[in-house]
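Contents: one structure, followed by commentary.
Numbering (UniProt numbering), first residue to last: 1 to 197.
If you want it as structure tokens, here you go:
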């Protein structure tokens, strides 16, 4: 399967404290949306119909030339380029990345790990978030509601590799009191395109 480019779009966030909401702390394949336990504030951007056309086109194919993109949005080249630059400068577009097939790069195991911390404090949360963000195999981390504190999305070569990771890398974090792992048997699809209307 050929690699595709993935357009990353930052949702407009207006929340003051991520611990009160079931939202991602970070997603290595997408964006870092929290630092030091508080949401990064983004400038609100008013998107018109042309902006939305450009964003949808780039999400489906981020390798489009400016000329092709301008044609899709019924714009001339210079205004199109200006709009895309504004979307980048204001953080609506946070980057362009290659979307890889996990199996082709020997990371066929996907695990959702539910994490319980030993204490419900800002210090414990900060230590945990720093720890897991430094681990390459953890590709997303979210604060969740319910009986657990966090949900991690983790990739691994195989089940023994994940077991090793859970025991040694996650186990080295002293503020974790419990890990409940769910192995994905089959991922039917994974959408990365935001529904912009």
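The beta-carbon is built from N, C-alpha and C at its ideal position, and this holds for glycine as well.
Judged by DSSP secondary structure, residue 97 falls outside any alpha helix (DSSP H) and instead within the beta strand (DSSP E) spanning 93-99. The criterion of a C-beta distance shorter than 9 Å is satisfied by residue 131 and residue 173.
Taken through DSSP and simplified to helix, strand or coil, residue 194 comes out as coil. Annotation for residue 51: 83 and 87 place their beta carbon closer than 7 Å to its own, counting only its chain and skipping 5 residues before and after. Membership of residue 80 in the alpha helix (DSSP H) is indicated by the continuous run 77-89. Following the DSSP letters along the chain, one finds residue 177 inside the beta strand (DSSP E) bounded by residues 176-183.
Residues of the same chain with a CB within less than 8 Å of the CB of residue 102, apart from the 5 flanking positions on each side, are 108, 110 and 155 in chain order.
Taking every protein chain shown into account, the CB of residue 105 has fewer than 16 other CB atoms within 10 angstroms, so this residue is exposed.
Within the same chain, and ignoring the five residues on either side of residue 60 in sequence, the residues whose Cβ sits closer than 8 Å to its Cβ are 193. Residue 93 places its beta carbon less than 9 Å from that of residue 55.
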